[in-house]
Amino acid sequence: MSKLLIVESPSKAKTLKKYLGKDFEVLASYGHVRDLIPKTGAVDTDNDYAMKYELIERNAKHVDAIAKAAKVADAIYLATDPDREGEAISWHIAEILKTKKLLKDKILKRVVFHEITKSAVEHAIANPRDIAMPLVNAQQARRALDYLVGFNLSPLLWKKIRRGLSAGRVQSPALRLIVERELEIEAFKSQEYWTIHLESRKHQHAFDAKLVQLDGKKVEQFTITNQGQEEAVVGKLLLASAGKTTVTRVEKKQKNRSPAAPFTTSTLQQEAVRKLGFTTSRAMRIAQQLYEGIDVGGGAVGLITYMRTDSFSIATEAVMQIRDYIKKNFDGEYLPKAPIMYKTKAKNAQEAHEAIRPTDITRSPASLSHVLTPEQFKLYEMIWKRALACQMAPARFDAVSVDLAIGSEANLFRATGQTMIFPGFIAVYMESVDDAEEEGESKLPVLETGEILDVNKIFGDQHFTEPPPRYSEASLVKVLEEYGIGRPSTYASIISTLQDREYVLLDKKRFTPTDVGRVVNKFLTEHFTKYVDYDFTANLENELDDIAEGAREWLPVLDAFWQGFNTQIVAKKDVERPGTELIDEACPKCGKPLSKQLSRYGSFIGCTGYNDTPKCDYKRSMNGDGAAMGSEPVKIGVDTESGKDILLLVGPYGPYLQLGLPEEDAKKKPKRVSIPKDIALADVNLEVASKLIALPRDLGQHPETNKKIVANIGRFGPYVNHDGKFKSIPRTDSVFDIDQARAVELLAQANTGPAPIRELGKHPTEDGDIAIYSGKFGPYVQHLKLRATLPKSVEPESITLEEALELLSAKAAKEAENPSKKTRSRAGAKKVASKSAPAKKVAAKKPTAAKKAASKKIAAVA
Numbered sequence: 001m002s003k004l005l006i007v008e009s010p011s012k013a014k015t016l017k018k019y020l021g022k023d024f025e026v027l028a029s030y031g032h033v034r035d036l037i038p039k040t041g042a043v044d045t046d047n048d049y050a051m052k053y054e055l056i057e058r059n060a061k062h063v064d065a066i067a068k069a070a071k072v073a074d075a076i077y078l079a080t081d082p083d084r085e086g087e088a089i090s091w092h093i094a095e096i097l098k099t100k101k102l103l104k105d106k107i108l109k110r111v112v113f114h115e116i117t118k119s120a121v122e123h124a125i126a127n128p129r130d131i132a133m134p135l136v137n138a139q140q141a142r143r144a145l146d147y148l149v150g151f152n153l154s155p156l157l158w159k160k161i162r163r164g165l166s167a168g169r170v171q172s173p174a175l176r177l178i179v180e181r182e183l184e185i186e187a188f189k190s191q192e193y194w195t196i197h198l199e200s201r202k203h204q205h206a207f208d209a210k211l212v213q214l215d216g217k218k219v220e221q222f223t224i225t226n227q228g229q230e231e232a233v234v235g236k237l238l239l240a241s242a243g244k245t246t247v248t249r250v251e252k253k254q255k256n257r258s259p260a261a262p263f264t265t266s267t268l269q270q271e272a273v274r275k276l277g278f279t280t281s282r283a284m285r286i287a288q289q290l291y292e293g294i295d296v297g298g299g300a301v302g303l304i305t306y307m308r309t310d311s312f313s314i315a316t317e318a319v320m321q322i323r324d325y326i327k328k329n330f331d332g333e334y335l336p337k338a339p340i341m342y343k344t345k346a347k348n349a350q351e352a353h354e355a356i357r358p359t360d361i362t363r364s365p366a367s368l369s370h371v372l373t374p375e376q377f378k379l380y381e382m383i384w385k386r387a388l389a390c391q392m393a394p395a396r397f398d399a400v401s402v403d404l405a406i407g408s409e410a411n412l413f414r415a416t417g418q419t420m421i422f423p424g425f426i427a428v429y430m431e432s433v434d435d436a437e438e439e440g441e442s443k444l445p446v447l448e449t450g451e452i453l454d455v456n457k458i459f460g461d462q463h464f465t466e467p468p469p470r471y472s473e474a475s476l477v478k479v480l481e482e483y484g485i486g487r488p489s490t491y492a493s494i495i496s497t498l499q500d501r502e503y504v505l506l507d508k509k510r511f512t513p514t515d516v517g518r519v520v521n522k523f524l525t526e527h528f529t530k531y532v533d534y535d536f537t538a539n540l541e542n543e544l545d546d547i548a549e550g551a552r553e554w555l556p557v558l559d560a561f562w563q564g565f566n567t568q569i570v571a572k573k574d575v576e577r578p579g580t581e582l583i584d585e586a587c588p589k590c591g592k593p594l595s596k597q598l599s600r601y602g603s604f605i606g607c608t609g610y611n612d613t614p615k616c617d618y619k620r621s622m623n624g625d626g627a628a629m630g631s632e633p634v635k636i637g638v639d640t641e642s643g644k645d646i647l648l649l650v651g652p653y654g655p656y657l658q659l660g661l662p663e664e665d666a667k668k669k670p671k672r673v674s675i676p677k678d679i680a681l682a683d684v685n686l687e688v689a690s691k692l693i694a695l696p697r698d699l700g701q702h703p704e705t706n707k708k709i710v711a712n713i714g715r716f717g718p719y720v721n722h723d724g725k726f727k728s729i730p731r732t733d734s735v736f737d738i739d740q741a742r743a744v745e746l747l748a749q750a751n752t753g754p755a756p757i758r759e760l761g762k763h764p765t766e767d768g769d770i771a772i773y774s775g776k777f778g779p780y781v782q783h784l785k786l787r788a789t790l791p792k793s794v795e796p797e798s799i800t801l802e803e804a805l806e807l808l809s810a811k812a813a814k815e816a817e818n819p820s821k822k823t824r825s826r827a828g829a830k831k832v833a834s835k836s837a838p839a840k841k842v843a844a845k846k847p848t849a850a851k852k853a854a855s856k857k858i859a860a861v862a
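Letter 766 of the sequence shown, counting from 1, is numbered 766 in full-length UniProt numbering, and no numbers are missing.
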């Protein structure tokens, strides 16, 4: 009996083929095989929301291979990923095979496994089921909703703001979170407050206590708000103390701290951002590699369970294996008497049955270090440690709280301390906390009630309230989960979409909205308030969950959304265009009113007579420093080193800074520095301009060569340079702050060749990795020595392994068609053509059909 097993990923197919043997043919769909047609009418709102699908062109050949194999197979098993997306892909494959009339008299079953191990796969094959239509319908509803929002709201943004903008159903509320936090920060007014402290000592052990009660009243944060009050209180307490303080209360108790639950998708992303410095998309990409299989010797094996999950639960067999590992490798008190069970907080944890854990806890990170990349090792180690720690005994602390009276018990200072007496799970893993510090360990001397101690000093400490912090990737994921916006498997795409659309910038690992993001958010919150409302978005997600559970029908949910949304679209067609806001000032050139406007470089002040005849081209930056956006240079300030003016201008390639005017030194061109895209013109003040104009930065000498290292910004972004070698500075570092040690580390990577800007994984059928690199003429994908340039329509952060394979295949086909025309090396590129083909007669060749097709395929899905 011939059997066909269909999965999504080619790397997973290789792993499963090893487990299933010669009776099974294992093929990959390379992700989704069908999608809505990319045009109006793909969801027919007048015909019960009928969805018009078409084959995804880039996967057509994979579908053909599946159809060919299905024709001769007796049984077909659909083993796509165990979530809604995977269920929908299985359904689409079944629908395609049904249309081709290839399912007659054949067994067609869905199989699901949450870890790629031999036992899990064999158990899944032995226990197949039918396709779960509630899950399929939930995914169809989500896809239809996203389509209806995108294809109807985006054109309105084009008309009202500028072309190229788009709005998403869940990305828009996420943008609102970031913009509202920025508005909070801008509106924040810092307040001064003081805390009063007492320093005392017993023998050689000094300690600090904080004033908690004054004249019988509780001391609040703003009880003391200026230095005058602080001096009066300190003077009063010093007088009352007469140099002594009395211990009035000593409270001792033992505190336990329990381990964190095993990882879910959300907590894995948060910890990967905090502990490892990954982005959310990078964390999910590496987790996918660990799940699909790594060759640990003897073939590939999945190292972790499925990484898209809301569940905290762990299979009983895995719990017992973890407990056995603890028993064998730790003292007895590290193993609790009974297994620790974790209750899932998510309303519908249907994405997978288990939390993220190692498939085999005995595979320690150290034992796999030789087969994992550095990134894979870091993520696997974190998952392994968290899973191990979650079944270990709590950490125990001795906690002490002491009150000390000054003069009388009406004035009390309090000191607290804790000492770890047993590390428990902390010996293996400690959860990090974003925007907060871990509790430190502090000790107090042994004190008794009634004991009298000397007062070393009483003093005040000045503080100022601080605004709420901007969101990091970790804290944004956390708040998205708390609000119920999106689902954990979508967080990475939400964040990357906001960045790709240039609605937000990630600066020093914190999100700030761009001018465009602010305008889009303002338009949506004013005119589509309901649809960016947090509760509305969360309730819609809950309805999708209900559909997945079979508790609700999907078409009524779509209809209820569309009726209200379409009414709003129609009503807002004639609203005034945002982004142009009149200010109370006349144009110095023509006298017409000035307005705040939006351009590709950010907000600026411009003349409203721009479209008049004759037109007025007066523009200036938001900081009011002159006509920065026009042909006239704007003085930002004076460079302290040279004494020359720092001027802001806009050229054909964008805004730039210039040091002085050309006529100041006829023999030497003035120094110019381009303004990076991630710096808005409104933010280019003297401080920023001085940093930019001071580039390149001398970072000192390389410890091995004693040659200079410099940091600078070039055509392709910030970089470090040493001895003729260049290395791009990652987004996680800053050209203004990078130091010599970090530069040496980056240059060491350059010695082994350019570091990829993205690693896509191993080639599914050949040796070697596939990765995206930044080249002189733009980003390209490379496998071994084969390189293929990315089409302009494709972002390096969004391309998939399958799309990269298509490009490489097209490039290989082109080289096969023209073996004498293979891409030359940089050195060879400068050589004169051979005599048989003089350079002046070599005609520019048109792109091959294969190259055109590959570019078209990827552009269609980008």
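In this text, a Cβ means the ideal position worked out from N, Cα and C, and glycines have one as well. As the structure is a prediction and not an experimental result, all values here were calculated from the model.
- Nearest neighbour of Gly724 by Cα position, chosen from Gly606, Val710, Leu805 and Gly297, turns out to be Val710.
- The region 22 to 35 and the region 53 to 66 touch, with three or more beta-carbon pairs separated by less than 8 Å.
- Assignment of beta-bridge partners to Thr419 by DSSP yields Asp398.
- Boundaries of the alpha helix (DSSP H) around Tyr19: Pro10 to Leu20.
- The straight-line gap separating the alpha-carbon atoms of Ile770 and Lys12 is approximately 16 Å.
- Remark: C-beta atoms of Ser154 and Leu165 approach each other more closely than 8 Å.
- Beta-bridge partners assigned by DSSP to Leu198: Ala209 and Ile458.
- When Cβ pairs closer than 8 Å are counted between the two stretches, the region 292 to 299 is seen not to touch the region 96 to 106, the count staying below three.
- Note on the region 653 to 722: whole beta strand (DSSP E) runs with a minimum of 3 residues are 654 to 659, 672 to 674, 697 to 701, 708 to 714 and 717 to 722, in chain order.
- Look at Pro259 here: in three-state DSSP terms it is coil, with no helix or strand label.
- About 4 Å separates the CB atoms of Ala395 and Gly424; that is less than 8 Å, so the two are in contact.
- One Cα belongs to Asn712, the other to Glu375, and the distance between them is close to 27 Å.
- DSSP places Ala75 within a strand segment (E or B) once states are collapsed to three.
- Between the alpha carbons of Gly235 and Lys189 lies a gap of roughly 30 Å.
- Note on the region 215 to 273: whole alpha helix (DSSP H) runs with a minimum of 4 residues are 227 to 241, in chain order.
- Note: Ser774 is bridge-paired with Pro779 in the DSSP secondary-structure output.
- Put simply, the backbone Cα of Arg162 is about 10 Å away from that of Val519.
- Rounded to the nearest angstrom, the gap between the Cα atoms of Arg501 and Lys457 is 57 Å.
- Contact holds between the region 448 to 463 and the region 240 to 252, because three or more Cβ pairs, one in each stretch, are under 8 Å apart.
- When rounded, the separation of the alpha-carbon atoms in Tyr325 and Thr265 is 25 Å.
- Residue pairing from DSSP places Pro593 in a beta bridge opposite Ala586.
- At least 8 Å separates the beta-carbon of Arg176 from that of Asn542.
- In this structure, DSSP gives Leu506 an extended state, which the three-state scheme calls strand.
- With respect to the C-alpha of Gly717, the residue from Gly700, Pro703, Val735 and Lys707 having the closest C-alpha is Val735.
- In chain order, Lys385, Leu388, Ala389 and Met392 place their CB closer than 8 Å to the CB of Val428, counting only its own chain and leaving out the 5 sequence neighbours on each side.
- Within the model, the alpha-carbon separation for Leu648 versus Lys619 is close to 12 Å.
- In this structure, the straight-line span from the alpha carbon of Val121 to that of Val477 is close to 32 Å.
- Gly417 and His114 have their C-alpha atoms some 45 Å from each other.
- Straight across, the Cα-Cα distance linking Arg84 with Val136 is about 6 Å.
- Taking C-alpha positions only, Leu36 is separated from Phe312 by approximately 34 Å.
- Measuring C-alpha to C-alpha distances from Tyr342 to each of Pro259, Phe278 and Leu276 identifies Pro259 as the nearest.
- Looking at the DSSP output, Thr512 bridges to Leu505.
- The three-state reading of DSSP puts Tyr53 in strand, counting E and B together.
- The DSSP-derived three-state label of Pro365 is helix.
- Around Leu784, the same chain offers Gly768 as residues with beta carbons nearer than 6 Å, after the five sequence neighbours per side are excluded.
- In the three-state reduction of the DSSP assignment, Pro82 falls in the coil class, being assigned neither a helical nor a strand state.
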